[in-house]
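A quick write-up on the structure given underneath.
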Amino acid sequence: MLPRYIAAPALDAGDVVQLHRPEVAPLNTLYLATRRGAPAHPAVTVLRDRLQDAARTWDGL
31 MLPRYIAAPA LDAGDVVQLH RPEVAPLNTL YLATRRGAPA HPAVTVLRDR
81 LQDAARTWDG L
């Protein structure tokens, strides 16, 4: 997870994709980023899976 000011260049370049775009942006947006092709640490995989499961209940997805 990264704050937007750090993720902005990669978002602008299209290197990463924002998965959720709420109508009202939160004050502290974080991004979960992993290296493409590299096996993720098991804790990162669990975090990603839980965030994706939780996101299914969020409005606007």
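Residues 31 to 91 (the working numbering) are what the sequence shown spells out, left to right.
Cβ coordinates follow ideal geometry from the N, Cα and C atoms, glycine included.
Being a predicted model, the structure only gives us computed values, none of them experimental.
Annotation: Arg86 to Ala68 spans about 26 Å, alpha carbon to alpha carbon.
Here Leu32 is near Ala63, since their CB atoms are less than 7 Å apart. In the structure shown, Asp83 adopts helical secondary structure according to DSSP, grouped into three states. A distance below 7 Å separates the beta carbons of Tyr61 and Ala37. Distance from the CA of His50 to the CA of Arg78, rounded to the nearest whole angstrom, comes to 13 Å.
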